[in-house]
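Numbering (my numbering), first residue to last: 29 to 464. Backbone N, C-alpha and C fix where the C-beta goes; we use that ideal spot for every residue, glycine too.
Written as C-alpha cells, this is what we have:
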C-alpha cells in the first residue's frame, strides 16, 4: 500500500486543526452567560438551531462561490483547485467524440475502447440529478435532531463514549454498500478505537451525576447511537456519489446546502413556537428563540466572536472533510477525526470546561493505539501470520463491483464468434476466458 503524499498529510493536519477550532468555538458558546431579553435573567448562549440554519445557508453560498470561480467573474478562476483527474478524463471524452461512429465500415473491425472507460466517460458528461443531494441533507438533519434530544436525556460524556461507534458503523457500511475489502489491521484498529471511546465515556457511569432518570439515560443513549448511524450513512453516501459523478466538493456541498437550508429554516420557524421545557435551556421554555439570539449577540462581543469562529471553521471543516472523503474515503476521514476529539478534550481540561477522571486517560491512549494500528504505523505481533493468510486467499482485496447477475451459468462459457457471442458448454472449452 502506497504511503500518503505530502498533500494528503497537509490536508489531514488542516482538517484536525480546523476541527479543533470548530469544536472549541461551539463549546465556548455554551459556556457563555449573556443577557438576552431585558425582562429575563442572563442565561447560557444555547441556540443550536439558529446556528445550524446559518451553517446551512453558508454551505449554500458555496454554489455562488463556485459560479464566480467557474465563470471567471472578477478574475476568480485563479482560485480553481481540487479538480483531481478530471482534466484527463474530459480530454478522453473529447477524443472519443472525435472518433467516427462504431458502425462505420471503415472502423468496424478495429478494436473498441474498453467498456469500463466508456461507462466512466459517460458519467463525466452526464450531470447527476438534483435529487442526488437530498439524502445526505436528510441524514444530516436526522443526525442533528437525534443528537440534540439525546444529549438532553443523558450524560454529555455519552456522546464521547458512543462517538466511537461511528467508526465501526462506517467500516461496516463501507463493506456492505461500497464492496470495500478492508485489511486485517484496519478492522483491528477500528475495533480498538471503538473500545477506547467506550472507556473514555464510561466515567460518568462510574461517577453517577444527579438529575437524570434511568429510562431517560437509556433513551438518550439510543438516540445518540442512532445519530451516529445517520452520520456514518451520510458520509458513505457522499463517498459513493462524489466519486461516481466526479463532482467537485464545493458543488456537492453547495447543492446539499440547498436542501439543508430548506430543512433548517422550516425547523427554525417551528421551534420558535414549540414549548418544550424539558429539552430547552432558554428562559421562555421554547426550543429556539431568534430574538433572544440577536439580543445576546448585541450584548456580548465574546458571543459574536464565538459565532463567527464557529461558522467559518464549520465551512472549512466540512469542505476539507469532503476532500478527505473523495480522495481517501469515508473511513479514513472518521479515523482522522478521532485526533480532533482527543485534542479538543485535552484543551477543555486545561480550560476547566471538563471534569478530569483518571478512567478517561486509558481510553484516550487506547484510541491513539487504535488509530496507529489502523494506519499500519503500529504493527501487530501476529501480523506475519495474517499476511500469509491474506496472500493465500486470491480473492482478498478484489472489488466485485463489476460482477453482475446476468453472467452465464457456471457450466457455460462465452466465446466470441464474429459479432455475436456464442454460449458453449465449459467442458468443450476449458481454456476460454470469461468475457464480462
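Check                                                                                                                                                                            : Outcome
With residue 382 and residue 373 assumed to form a contact (beta carbons below 8 Å), what rounded beta-carbon distance in angstroms separates them?                              : 7 Å
Can you find a heavy atom of the ligand GDP that lies under 6 Å from the Cβ of residue 357?                                                                                      : With respect to the ligand GDP, the structure offers nothing, as it holds no ligand at all.
Could you check how far apart the C-beta atoms of residue 307 and residue 177 are, in whole angstroms? I think they sit under 8 Å.                                               : 6 Å
Tell me whether the beta-carbon of residue 244 lies closer than 7 Å to the beta-carbon of residue 53.                                                                            : no
Among 102, 305, 360, which one has its Cα closest to the Cα of residue 198?                                                                                                      : 360
Classify residue 190: buried if its beta carbon has 16 or more other beta carbons within 10 angstroms, exposed otherwise.                                                        : buried
Can you tell me which of 348, 222, 340, 163 puts its alpha carbon nearest to the alpha carbon of residue 264?                                                                    : 163
Which stretch, first to last residue, makes up the alpha helix (DSSP H) that contains residue 101?                                                                               : Looking at the DSSP string, residue 101 is not in any alpha helix (DSSP H), and its letter there is neither H nor E.
Please list, in chain order, all residues of the same chain as residue 168 whose beta carbon is under 7 Å from its beta carbon, the five residues on each side excluded.         : 262, 288
Quick one: using the 10 Å Cβ neighbour count with 16 as the cut-off for buried, is residue 433 buried or exposed?                                                                : Because residue 433 sits at a pLDDT of 38, beneath the cut-off of 50, its placement in the model cannot be relied upon, and the following sentence gives the value as read from the coordinates. Exposed, by the Cβ-count rule.
Taking C-alpha atoms, which residue in 292, 75, 74, 193 lies nearest to residue 251?                                                                                             : 193
Contact between the segment 68 to 80 and the segment 343 to 350: three or more CB pairs below 8 Å?                                                                               : no
Taking residue 374 as part of the alpha helix (DSSP H), name the residues at either end of that continuous run.                                                                  : 358 to 378
Can you tell me where the alpha helix (DSSP H) with residue 1 in it begins and where it stops?                                                                                   : A question about residue 1 goes unanswered here, because the residues of the chain that appear run from 29 up to 464.
Nearest to residue 340 by CA position, among 316, 42, 46, is which residue?                                                                                                      : 46
Drop a sphere of 10 angstroms on the beta-carbon of residue 399, count the other beta-carbons inside from all chains shown, and report buried for 16 or more, exposed for fewer. : buried
Which residues in the same chain have their Cβ closer than 7 Å to the Cβ of residue 203, if we skip the five residues on either side of it in sequence?                          : 210
Measuring CA to CA, which of 75, 37, 218 is closest to residue 332?                                                                                                              : 75
Taking just the CA atoms, how far does residue 35 sit from residue 351?                                                                                                          : 11 Å
Can you tell me which of 282, 403, 300 puts its alpha carbon nearest to the alpha carbon of residue 91?                                                                          : 282
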